[in-house]
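Below is one structure, written out as structure tokens, with a few remarks after it.
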Amino acid sequence: MTNSRAEAALALHRFGFGPVAGSIATIADDPRGALLADLERPGAGRVAAANLPNSGQAARALFEFRAERLAKEKLAQRAKKEAEAKGMLVGTADGDAMNPNGNAQTGKPEAPQNQQNQQPSLPAQLVQNEAKVRIEAAVAAEIGFVEHLVWFWSNHFCVSADKIVSMAGAYEREAIRPHVLGRFVDMLTAVESHPAMLFYLDNAESMGPNSVAGINRDKSLNENLAREILELHTLGVRTGYSQDDVTRFANVLTGWTWIGLGVPNRGGEFVFVKRLHEPGEQTVIGKTYPDTGMDQGRAVLADLARHPATAAHLARKLAQHFVADEPPPSLVDKLTKSFIDSDGNLKELAKTLLTAEESWAPERTKLKRPFEWFISALRVTGAPWAVGRVMSGQALLGEPLWRPPAPNGFPDYESASIDGLSQRVDIATNFAGRVAERVDPVALVEAGLGPLASAETRNTVARAESRAQALALLLMAPEFLRR
Amino acid sequence: MSERHAPSRRELLLASGALFAWAYVPKLARAEGRDPRFLTIVLRGALDGLATVAPVGDPDWVSLRGDNALTLDGKTPALKLDDFFALNPAMPNLHRMFKANEAIVVHAAATPYRERSHFDGQDVLESGVEKPGATYTGWLNRLLLGLAPADRVSANGGRAFAVGPVTPLVVRGPAPVLSWSPRRTLPASDDTIMRLLDLYRHTDVNFARVLESRSKLTAIAPPGSMERKPIGQIFAPDLAQLRAYFSEAAGTAAKFLAQPDGPRVGALALGGWDTHYNEGIATGWLAQLLGALDAALAAIQDNMGPAWRETVVVLVTEFGRTARINGTNGTDHGTATIMLLAGGALKGGRVVADWPGLKPANLLENRDLKPTIDVRGVLKGLLKDHLRADDHALVADVFPGSDDVKPIAGLLASV
Numbered sequence: 000m001t002n003s004r005a006e007a008a009l010a011l012h013r014f015g016f017g018p019v020a021g022s023i024a025t026i027a028d029d030p031r032g033a034l035l036a037d038l039e040r041p042g043a044g045r046v047a048a049a050n051l052p053n054s055g056q057a058a059r060a061l062f063e064f065r066a067e068r069l070a071k072e073k074l075a076q077r078a079k080k081e082a083e084a085k086g087m088l089v090g091t092a093d094g095d096a097m098n099p100n101g102n103a104q105t106g107k108p109e110a111p112q113n114q115q116n117q118q119p120s121l122p123a124q125l126v127q128n129e130a131k132v133r134i135e136a137a138v139a140a141e142i143g144f145v146e147h148l149v150w151f152w153s154n155h156f157c158v159s160a161d162k163i164v165s166m167a168g169a170y171e172r173e174a175i176r177p178h179v180l181g182r183f184v185d186m187l188t189a190v191e192s193h194p195a196m197l198f199y200l201d202n203a204e205s206m207g208p209n210s211v212a213g214i215n216r217d218k219s220l221n222e223n224l225a226r227e228i229l230e231l232h233t234l235g236v237r238t239g240y241s242q243d244d245v246t247r248f249a250n251v252l253t254g255w256t257w258i259g260l261g262v263p264n265r266g267g268e269f270v271f272v273k274r275l276h277e278p279g280e281q282t283v284i285g286k287t288y289p290d291t292g293m294d295q296g297r298a299v300l301a302d303l304a305r306h307p308a309t310a311a312h313l314a315r316k317l318a319q320h321f322v323a324d325e326p327p328p329s330l331v332d333k334l335t336k337s338f339i340d341s342d343g344n345l346k347e348l349a350k351t352l353l354t355a356e357e358s359w360a361p362e363r364t365k366l367k368r369p370f371e372w373f374i375s376a377l378r379v380t381g382a383p384w385a386v387g388r389v390m391s392g393q394a395l396l397g398e399p400l401w402r403p404p405a406p407n408g409f410p411d412y413e414s415a416s417i418d419g420l421s422q423r424v425d426i427a428t429n430f431a432g433r434v435a436e437r438v439d440p441v442a443l444v445e446a447g448l449g450p451l452a453s454a455e456t457r458n459t460v461a462r463a464e465s466r467a468q469a470l471a472l473l474l475m476a477p478e479f480l481r482r
Numbered sequence: 000m001s002e003r004h005a006p007s008r009r010e011l012l013l014a015s016g017a018l019f020a021w022a023y024v025p026k027l028a029r030a031e032g033r034d035p036r037f038l039t040i041v042l043r044g045a046l047d048g049l050a051t052v053a054p055v056g057d058p059d060w061v062s063l064r065g066d067n068a069l070t071l072d073g074k075t076p077a078l079k080l081d082d083f084f085a086l087n088p089a090m091p092n093l094h095r096m097f098k099a100n101e102a103i104v105v106h107a108a109a110t111p112y113r114e115r116s117h118f119d120g121q122d123v124l125e126s127g128v129e130k131p132g133a134t135y136t137g138w139l140n141r142l143l144l145g146l147a148p149a150d151r152v153s154a155n156g157g158r159a160f161a162v163g164p165v166t167p168l169v170v171r172g173p174a175p176v177l178s179w180s181p182r183r184t185l186p187a188s189d190d191t192i193m194r195l196l197d198l199y200r201h202t203d204v205n206f207a208r209v210l211e212s213r214s215k216l217t218a219i220a221p222p223g224s225m226e227r228k229p230i231g232q233i234f235a236p237d238l239a240q241l242r243a244y245f246s247e248a249a250g251t252a253a254k255f256l257a258q259p260d261g262p263r264v265g266a267l268a269l270g271g272w273d274t275h276y277n278e279g280i281a282t283g284w285l286a287q288l289l290g291a292l293d294a295a296l297a298a299i300q301d302n303m304g305p306a307w308r309e310t311v312v313v314l315v316t317e318f319g320r321t322a323r324i325n326g327t328n329g330t331d332h333g334t335a336t337i338m339l340l341a342g343g344a345l346k347g348g349r350v351v352a353d354w355p356g357l358k359p360a361n362l363l364e365n366r367d368l369k370p371t372i373d374v375r376g377v378l379k380g381l382l383k384d385h386l387r388a389d390d391h392a393l394v395a396d397v398f399p400g401s402d403d404v405k406p407i408a409g410l411l412a413s414v
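Protein chains in written order, with numbering that gives the first Met the number 0: chain A, 0 to 482; chain B, 0 to 414.
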């Protein structure tokens, strides 16, 4: 039983988002079975998001919002000019009357207070609403393995809200979640044809040099997306593809774009535009693809999804994320084989991960990524949370939500995030200060770590000078920081 | 992100404090034409009472603590309070108040709690209930409810701010609380870092390395030890922060309490007193911390202005520390300790004590200063004479089970 409880705690920390009160005991009978069962839940990977706009709706709303704001600014400028022409001072009642946000009574300038004290602006709202659903799913999950997989794939196929704020959250729901236990080729195709990705990696503007539009507008390729698909999303860097492959693949992808945001009802949605597409066959990594329009790109993606280098690349990355920075080669081999044998079935891949003995090594060397760690803290304390505060914490921890520094996503190895330990101590201290008085840290050692807790950690928590310090120390214990 | 903050509450906080809403002012005292202020400061971590107020007149004192015993003629001489007791030299402001009859030391005091867990000890101290974990309300809150029952649903009650993120237990409860946070923020305390370092050194060397560099503590100690480098080299910057922070927290409380229509009763908690390692009684860690506390008391006096005359500040801690020094030049969890009272409303300049003595036979379990005064007796005396709490409420609501603990009379200057 003790061993089984230890394995239950390990299962929750390594594969889920950490225990909630009682969950170690709940799955202690059969931890591995509980994780496998997580994959079979109906709707696994999906979130309830009926009230959230899809990416096209969000992009159009933001487009309208910005257009209206611009119009207001122009009106205000016009009014100012007219007033000046009449020799009147700026900021008189007349000027304010023209300004829908102004306050005619006090004559105060409109900008700072109106914008700060009211609801977050539309872009911030869009992101916060999506973030709330995502955090809720992670905090509320019984185990969280499938949510954890969503995070993994979302980071693998990241876009950045810094570039495409309206769609960053919806993208994850639309391109990642439906396929997280499906076929890799489907996720890959959904991702690369998603307007968020097409805009993020500049394909929306790319056009074939010999396409109608390319000739007429004297424009040509943007290779960014093609390169990152090969380097980051599928084969992996230095796996033998050449610059020519990149260029050819970029040709293939021309025409994959989105509908202009100003187009009513359909703006921001994916569209294949033949006028932009480079005509003719293309040879990518030794195989020639006839020009079948959009299907040419689908065919290349399908082959990339099946490529052994892709299997090895993803297998290693997955093992690296869940098990160790330097995962056992035998585990990587098993995952690679599973990926190839199942034709990229991600559910089979997840099962292989769960059933491989190497995945259950009792040594817990892998440092949780900062925000995974913080989710563990929310879960074990059951503390109430507010999305804005949590997102600020994420940013402080160096992982601002959906805003990775580059297309390779947030780093996922110890040397990249261990220096952030210092921020974690401060976050843990402040968090513990807010919630500790409502919890019993000594009991949380049991609920959160159970048999994984070392004698040193138990003593350290028990001897703390206050509940808040005790909780901070628990959250900062190596057993809690590592998966 | 909560947006219900008052304008002054912008930042995260480390210490915690709360003031009661205006509706809950002591009505009876007001009826007498007085306008009393009462501030409780909880020192979390167990303050070493013997290191703060030393019984220099006890013949067993120096042999008990050896080099760590404060004396009147040591290298850093203690500040004489009377023929028997002397104050830690880090507290000149408290000494000045004592000499001006505005401060009282209560020695060898303890709550009814006799175990040695911080959390449970703080629970008993702040809840006012004899058993830990028995209630989620604090004695100060229940007291206020009793003082102003008629105002429970007043408009002013509704005007109270949302309960702050770190409301100390002592003020928690049904009476509306107006919380504020100091603007100043502190990173995780040195003490927390030291504890983590010690844990990491035994469990995770990579983590230890990171934290060491964070605090520039690389040279601080060989693995496994908890030596602190001398103050001034490494800890000075953080101590400056701490000092500023204590003063701001306490000083801000005083500013609120001083206002004509401000709250009259409040509490805050200051951590850092758990001195197991290299306690630094005369010049080190504890001395610095006491200095910060002393500066905070001065800030309270300054910011109270004329209201200082009607003020009582009471400083309490969950329990004391071992009478003897332990193996790491610090002290472990003990029992009796001191209470410090400051304020112009006191009949001060006195040490209130029924001294138990320091011979092995006099010590509790041959290790701790033996308690001879119940903390609740002192608090009841203050609440009764200063705020006009009635005897029945003090026993029934504020300190249940304290029937046998008589309020200590005569602590106030004019009653």
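C-beta atoms are modelled at their ideal positions from N, C-alpha and C, and glycine is treated no differently.
Contact check between the stretch 70-82 of chain B and the stretch 331-338 of chain B: fewer than three CB pairs, one atom from each, fall below 8 Å, which does not count as touching. Measuring C-alpha to C-alpha distances from Val19(A) to each of Leu224(A), His320(A), Ala382(A) and Gly32(A) identifies Ala382(A) as the nearest.
For the options Val245(A), Phe373(A) and Ala349(A), the alpha carbon positioned closest to that of Arg31(A) is the one of Ala349(A). Residue contact with chain B for Gln468(A): present (Cβ-Cβ distance below 8 Å to some residue of chain B). Around Asp119(B), no beta-carbon contact reaches into chain A at under 7 Å, the shortest distance being about 10 Å. Inclusion of Leu396(A) and Phe370(A) in the CB contact set at 8 Å is warranted, their separation being smaller than that value.
Val19(A) sits in coil when the DSSP states are folded into three classes, being neither helix nor strand.
Contact between Leu340(B) and Ala102(B) holds, since their C-beta atoms are separated by about 6 Å, short of 8 Å. When DSSP assignments are scanned along the stretch 144-191 of chain A, the uninterrupted stretches of alpha helix (DSSP H) that are 4 or more residues long and fall wholly within it turn out to be 144-155, 167-170 and 183-191. Val394(B) has its alpha-carbon roughly 7 Å from the corresponding atom of Gly400(B). CA-CA distance, Thr134(B) to Asp373(B), rounds to 20 Å. Annotation: Asn344(A) to Ile214(A) spans about 41 Å, alpha carbon to alpha carbon. With fewer than 16 neighbouring CB atoms inside 10 Å of its own CB, Pro404(A) falls in the exposed class. Residue range Val264 to Gly270 is occupied by the beta strand (DSSP E) that includes Ala266(B), with no alpha helix (DSSP H) assigned at that position.
Legend: CB atoms of the stretch 122-138 of chain A lying less than 9 Å from CB atoms of chain B are not found in any residue. Contact between the stretch 354-366 of chain B and the stretch 381-390 of chain B is absent, with fewer than three C-beta pairs closer than 8 Å. By a beta-carbon distance limit of 8 Å, Phe83(B) contacts Gly56(B). Their separation comes to about 4 Å. Shown in chain order are the members of the stretch 262-275 of chain B whose Cβ falls below 9 Å from a Cβ of chain A: Ala268, Gly270, Gly271, Trp272, Asp273 and His275. At a cut-off of 8 Å between C-beta atoms, Asp425(A) counts as an interface residue with respect to chain B. By the Cβ test, the stretch 271-289 of chain B is not in contact with the stretch 345-352 of chain B, since fewer than three Cβ pairs between them sit closer than 8 Å. Restricting attention to Lys254(B), Ala268(B), Leu381(B) and Leu241(B), the CA atom closest to the CA of Pro167(B) is found in Ala268(B). Counting along the chain, the unbroken alpha helix (DSSP H) around Arg141(B) starts and ends at Trp138 to Leu146. Chain-order list of chain A residues neighbouring Ile192(B): Val424, by C-beta distance under 8 Å. The stretch 219-232 of chain A and the stretch 186-206 of chain A touch, with no fewer than 3 CB-CB distances between them shorter than 8 Å. When DSSP reads this structure, Met338(B) sits in a beta bridge with Val105(B). Cβ neighbours of Phe144(A) within its own chain (closer than 6 Å, five residues either side excluded): Phe14, Gly15, Leu34 and Asp37. Bounds of the alpha helix (DSSP H) holding Tyr199(B) are Asp189 to Thr202. The Cβ atoms of Ala281(B) and Pro88(B) lie closer than 8 Å to each other. Taking a contact to require three or more Cβ pairs closer than 8 Å, the stretch 180-187 of chain A and the stretch 415-432 of chain A do not qualify as touching.
Between the beta-carbon of Thr335(A) and that of Ala310(A) there is about 5 Å, and that keeps the pair under the 8 Å contact cut. Taking a Cβ-Cβ cut-off of 9 Å, Leu38(B) has no neighbours in chain A, whose nearest Cβ is about 20 Å from it.
By alpha-carbon distance to Asp302(A), the top candidate from Phe271(A), Leu187(A), Asn250(A) and Pro399(A) is Leu187(A).
DSSP links Asn344(A) through a beta bridge to Arg182(A).
In this chain, Val211(A) is not harboured by any beta strand (DSSP E); it is covered by the alpha helix (DSSP H) spanning Val211 to Arg216. Neighbours of Leu396(A) across chain B, judged by C-beta separation under 7 Å, do not exist; the nearest C-beta is about 14 Å away. In the structure shown, Arg36(B) adopts extended strand secondary structure according to DSSP, grouped into three states.
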